[in-house]
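Participant: First, the structure itself, so that you have it in front of you.
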Amino acid sequence: MKKVSLIVPCYNEERNLDALYAKLRPLLDNSLDSRKYEWEVIMIDDGSRDSTLSLMESLRQKDERINVLSLSRNFGKECAMLAGFDYASGDCAVILDADLQDPVEVVPELLKKWEEGYKDVYGNRMARGNEPWIRKQFTLVYYRILSGVSSGEVLRNVGDFRLLDRCCIDEIRALRETQRYTKGLYSWIGFSKAEVCYDRSDRNAGKSSFSYRRLVNLAIEGITSHTTSPLRFASVMGIAVALASLAFLIYVLVKTLFYGDPVAGYPTLICVILFLGGIQLLSLGIIGEYIGRIFLETKGRPPYIVASINGCRHHERPCKDG
Ligand code: UDP
Ligand code: MG
């Protein structure tokens, strides 16, 4: 029987876990689908500050198919997902949000496509739930910029809700960068992809942990980890400004030669200084973003640290029951 891993990254999700388990039960009991699978759920506690971890552990007491991986602090969803990939033992894995925004009922459809031979079956959000208007617009503009600057295809309206075949999981696991933008990695690794449309519902309880600050960080991460186009942009800007300055220089020289030099042009001078200063700072900032990432990657730190697995301290593995 084929084994399916469900990877569920959780950060402060105490109010959603019971509802999630209730939703998962029919799936785990193979009553949603005519095909039968062996199931494993990997719940990753990404350093939650509430009782998420103890709730997970009590769920495991009830159901052995649930595995609980606890990270030593909050490493962010991207790294929590990597932890899930590392510990998943299934022939394929489905990534699910703990807040029930990704419909469990759609998982059989993902599996159907997988059985047809697709390696990476992603959910395409038809409706985005009750997201604030401004966040929707922000996302739209962002994807437009991202697909404009990057060579690889980045799919709009596609989140982390997807099924990955074992071969994709192994490839993603091989990419150990700590500054992760998993959405870019899915398209980078390639493999045959298929789409399943679904309506994203609202968060069951609690509020999104992606504040605007975190979203902006993720957005910058997405661009800098996916493409070096901003560096190219800085170079092209530099060349364009240099050419424009040369033209202006010739104009000023010619003007001075033919019409003398009454000391004027203060506004021009200020404009030029401010414009050039702005461009230089922008370019420095762009270079800085990349250097910062080089700095972080050269440290070679692990993307996440596991505190416990199913209630046992990490180095006490292997351990079957908590
Ligand atoms: N999450 C996580 N670590 C974090 C932030 C979020 O594991 O640092 C999990 C969270 O528990 C949820 C999923 O990632 O299962 C999506 O998070 P959220 O619902 O806050 O984001 P949104 O749906 O608003 O994009
Ligand atoms: Mg959510």
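If you're matching positions, the sequence shown starts at 296 in the numbering used here and goes up one per residue. Idealized CB from N, CA, C, for every residue including glycine.
How long is the line joining the alpha carbons of L366 and A375, rounded to whole angstroms?
Facilitator: Counting from 1 along the sequence shown, the entry for residue 366 is found at position 71. Counting from 1 along the sequence shown, the entry for residue 375 is found at position 80. Each residue's Cα considered, the two are about 8 Å apart.
Participant: Can you tell me whether I464 is buried or exposed? The criterion is at least 16 other CB atoms within 10 Å of its CB, across all chains shown.
Facilitator: By 1-based counting over the sequence shown, the position of residue 464 is 169. Looking at its Cβ environment, which holds 16 or more other Cβ atoms inside 10 Å, I464 is buried.
Participant: Any heavy atom of the ligand UDP closer than 7 Å to the CB of Y474?
Facilitator: The residue you call residue 474 lines up with position 179 of the sequence shown. Correcting the residue type first, residue 474 is Gln in the shown sequence and not Tyr. Not under cutoff, so the answer is no.
Participant: In chain order, what residues of the same chain lie with their CB nearer than 7 Å to the CB of S276, ignoring the 5 residues before and after it?
Facilitator: Nothing in the structure corresponds to residue 276, since the chain is present only between 296 and 617.
Participant: Please identify the residue among S530, E335, A422 and H521 whose C-alpha is closest to the C-alpha of L391.
Facilitator: Here residue 391 corresponds to residue number 96 of the sequence shown, with the count starting at 1. It is E335.
Participant: Going by beta carbon distance, what residues of the same chain come within less than 8 Å of V444, once the five residues before and after it are set aside?
Facilitator: Counting from 1 along the sequence shown, the entry for residue 444 is found at position 149. Same-chain partners within the cutoff: I518, T522, S524, P525 and F528.
Participant: Could you tell me whether any non-hydrogen atom of the ligand MG is closer than 7 Å to the CB of D341?
Facilitator: The sequence position of residue 341 within the sequence shown is 46, counting from 1. It does not: the Cβ of D341 is nowhere closer than 7 Å to a heavy atom of the ligand MG.
Participant: Reducing DSSP to helix, strand and coil, say where Y476 ends up.
Facilitator: Taking the sequence shown and counting its residues from 1, the one referred to as residue 476 is at position 181. DSSP places Y476 in coil when its eight states are reduced to three.
Participant: With 16 other CB atoms within 10 Å as the buried threshold, where does D358 fall?
Facilitator: Here residue 358 refers to the residue found at position 63 when the sequence shown is read from its first residue. Result: exposed.
Participant: Return yes when the C-beta of F505 is under 7 Å from any heavy atom of the ligand UDP, and no when it is not.
Facilitator: For the purposes of this step, residue 505 is taken as residue 210 along the sequence shown, with counting starting at 1. F505: yes, Cβ under 7 Å from the ligand UDP.
Participant: Sorry if obvious, but does the Cβ on A393 come closer than 7 Å to a heavy atom of the ligand UDP?
Facilitator: Stepping through the sequence shown from its first residue, residue 393 is reached at position 98. It does: the Cβ of A393 is within 7 Å (strictly closer) of some heavy atom of the ligand UDP.
Participant: Just to check, is the beta-carbon of Q575 closer than 7 Å to a non-hydrogen atom of the ligand MG?
Facilitator: Here residue 575 refers to the residue found at position 280 of the sequence shown. Outside the cutoff, so no.
Participant: Helix, strand or coil for I600, going by three-state DSSP, please let me know.
Facilitator: As a position in the sequence shown, residue 600 is number 305, starting the count at 1. The answer is coil: DSSP assigns I600 none of H, G, I, E or B.
Participant: From V549 to S578, what distance separates their C-alpha atoms?
Facilitator: As a working note, residue 549 is residue 254 in the sequence shown. As a working note, residue 578 is residue 283 in the sequence shown. Roughly 31 Å between the two C-alpha positions.
Participant: Can you give the Cα-Cα distance for K431 and A422, rounded to whole angstroms?
Facilitator: The count along the sequence shown starts at 1 and reaches residue 431 at position 136. The count along the sequence shown starts at 1 and reaches residue 422 at position 127. The straight-line gap from Cα to Cα measures roughly 11 Å.
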